[in-house]
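What follows is one structure encoded as structure tokens, with my remarks underneath.
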Amino acid sequence: MELREAIASRRTTNGAFLPDPVSPEHQRVLVETAARAPSQLNSQPWRFVLVESRETIEEVARISGAAMTTAMGNGTFFERYKRYFRFSEQEMERTRSGMLFDKLPAPLRPFTRSVFTRSGQRAVNALRVPQTLGEQNRRLVAGSPLLLGVMLDRAEYRPGELSGFYSLFSMGAAMENLWLTTTELGLGIQFISFPMEVPGQWDRIVELLHVPDDLELMAVYRIGYLPPEARRPVIDWTSSQRRLVSQYVFREDCRTPQTGWDAS
Numbered sequence: 026m027e028l029r030e031a032i033a034s035r036r037t038t039n040g041a042f043l044p045d046p047v048s049p050e051h052q053r054v055l056v057e058t059a060a061r062a063p064s065q066l067n068s069q070p071w072r073f074v075l076v077e078s079r080e081t082i083e084e085v086a087r088i089s090g091a092a093m094t095t096a097m098g099n100g101t102f103f104e105r106y107k108r109y110f111r112f113s114e115q116e117m118e119r120t121r122s123g124m125l126f127d128k129l130p131a132p133l134r135p136f137t138r139s140v141f142t143r144s145g146q147r148a149v150n151a152l153r154v155p156q157t158l159g160e161q162n163r164r165l166v167a168g169s170p171l172l173l174g175v176m177l178d179r180a181e182y183r184p185g186e187l188s189g190f191y192s193l194f195s196m197g198a199a200m201e202n203l204w205l206t207t208t209e210l211g212l213g214i215q216f217i218s219f220p221m222e223v224p225g226q227w228d229r230i231v232e233l234l235h236v237p238d239d240l241e242l243m244a245v246y247r248i249g250y251l252p253p254e255a256r257r258p259v260i261d262w263t264s265s266q267r268r269l270v271s272q273y274v275f276r277e278d279c280r281t282p283q284t285g286w287d288a289s
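Under my numbering, the residue at position 53 of the sequence shown is numbered 78, and the numbers go up by one with no gaps.
Okay, structure coming up:
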């Protein structure tokens, strides 16, 4: 697979993986590819923990599912991220960004436009949508053959200092390398983010993975092989739309948008 093809094919996996273990060879390729990323002064601030223990994966799944139920049920998730949610193709085309919720259960569809209001939240809760999503999330994580924890060395990662920025930049580059490699290997990947949304839940994962004090756990991902035909979850979204070049590139200075490069 050519590099540009891998970039164009890169996706986040919302659905289930095959139950097959990720081969040791592929695990090694992933972390070695990640470690080829650039870093300030060759500091290489990243550290990784690979998790295949069913007990650990299932506990992370329980934490993630419960956190999703809480964040969806109390309205904090919708309030925090509502600017990114789209509910029609027309809205997605107009904004060319965000997430299009194009798969929703029939009972929920009448409430999509009012989901960010108090009455909408009450309706969502009455329909037990937070519980449905939380259980769906738990199952997806629990069914993952491999989890990847990404950490930064606290000697390098010092928030508020330039070293902190450099470390985050390097971690992003490392994860992009790894993400593109999953595309080449027939693997899928998804960020397990909901434990970060609820106070105290991320600390539980830090303890579960025995992260030492000199490392900061930055992210956890689920990874696995993709089935030939992916079955979409009960509630799902797409995010393939991208802004036009003229919306994010300027020429000479920031007063002049780049012209002539937008796709027809």
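C-beta atoms are modelled at their ideal positions from N, C-alpha and C, and glycine is treated no differently.
message: I'd like the ranges of any alpha helix (DSSP H) spanning at least 4 consecutive residues and lying wholly in the segment 41-80.
response: 49-59
query: Of the residues 163, 98, 117 and 124, which one's Cα is nearest the Cα of residue 151?
result: 98
task: Check the DSSP bridge columns for residue 197 and list the partner residues they point to.
output: Note: residue 197 sits in no beta bridge, so no partner.
- prompt: With distances taken between CB atoms, is the gap from residue 248 to residue 210 smaller than 7 Å?
  reply: no
field: Simplified DSSP assignment, three categories, for residue 83
entry: helix
message: Helix, strand or coil, according to DSSP, for residue 37 in the structure here?
response: coil
task: State the DSSP-derived secondary structure class of residue 230, mapped to helix, strand or coil.
output: helix
task: Look at the alpha carbon of residue 74 and the alpha carbon of residue 215, and state the distance between them as a whole number of angstroms.
output: 16 Å
- prompt: Is it right to say residue 275 is buried, meaning 16 or more other beta carbons lie within 10 angstroms of its own, or is it exposed?
  reply: exposed
query: Quick one: Cα of residue 267 to Cα of residue 32, how far?
result: 13 Å
- request: Taking residue 14 as part of the alpha helix (DSSP H), name the residues at either end of that continuous run.
  value: In the structure as shown, the chain starts at 26 and stops at 289, and residue 14 therefore has no counterpart that could be examined.
message: Between residue 52 and chain C, is any beta-carbon pair separated by less than 7 Å?
response: The structure shown contains no chain C; it holds only a single protein chain.
message: Check for me: the alpha helix (DSSP H) holding residue 26 runs from which residue to which?
response: Unbroken run through residue 26: none, as it is neither H nor E.
query: Roughly how many angstroms separate the alpha carbons of residue 290 and residue 231, rounded to a whole number?
result: Nothing can be reported for residue 290, as the shown portion of the chain is limited to 26 through 289.
Which listed residue (262, 219, 246 and 285) has its alpha carbon closest to that of residue 102: 219
field: Residue interval of the beta strand (DSSP E) (run including residue 244)
entry: 240-250
query: What three-state label does DSSP hand residue 190 in the structure shown?
result: helix
- prompt: Residue range of the alpha helix (DSSP H) that residue 161 falls in?
  reply: 154-167
task: Evaluate the contact criterion for the segment 143-160 versus the segment 56-71: three or more CB pairs, one atom per stretch, below 8 Å.
output: no
task: Measure the beta-carbon distance from residue 172 to residue 85 and round it to whole angstroms, keeping in mind my assumption that it falls under 8 Å.
output: 6 Å
field: 8 Å CB neighbourhood of residue 257 in its chain, flanking five on each side removed
entry: 39, 40 and 128
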